[in-house]
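Some notes on the structure that comes next.
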Amino acid sequence: AIFQAFPTVLKNHDLMHFICDYCRIIIIGNARSHEIEALMDEEIQTIKSDKMKAYHALVAVGDGLPALGIVAAVLGVVKAMGALDQSPEILGGLIGAALVGTFLGIFLSYA
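Residues 273 to 383 (our numbering) are what the sequence shown spells out, left to right.
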């Protein structure tokens with residue numbers, strides 16, 4: 273009833289639980305305002321760190337992709353060097369695969 277004018281608050285269940293929990297504490301009246309503020313700040317930081325875990329994991333993967341591209345390039349060049357006695361078409365394909373690995377690692381890190 274209180275939040276009918278604020279449909280975005282009603283849709284956000286985490287926010288509703290947060291507001292209702294602290295309204296309960298305030299209504300009970302056995303906590304000081306600075307204690308409630310400290311509790312709220314701590315819970316906000318906890319919620320923020322929980323919500324950011326997936327983001328940080330994706331950033332870590334993205335940071336590692338250029339290194340994976342370099343590894344792909346080195347392995348592709350090693351494989352191409354092992355096939356130096358082959359025809360230029362085969363050698364070109366192997367070198368192209370090495371370059372694709374490099375490109376893919378760099379491209380995916382920025383995507």
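Note that beta-carbon positions come from the ideal geometry of N, C-alpha and C, so glycine has one too. The structure presented is a predicted model; accordingly, all values stated were derived computationally and were not measured.
Here T374 is buried, its C-beta having at least 16 other C-beta atoms within 10 Å. Each residue's CA atom was taken as its position, placing A383 and E307 some 44 Å apart. The beta carbon of K351 sits closer than 6 Å to those of L366, all from its chain and outside the five residues before and after it, given in chain order. Q358 sits in coil when the DSSP states are folded into three classes, being neither helix nor strand. With a beta-carbon spacing of about 5 Å, L340 and G377 fall inside the 8 Å limit used to define contacts.
Runs of the alpha helix (DSSP H) lying entirely within the region 303-359, each at least 4 residues long, are 305-323, 325-353 in chain order. Residue state for G365 is assigned as helix, using DSSP reduced to three classes.
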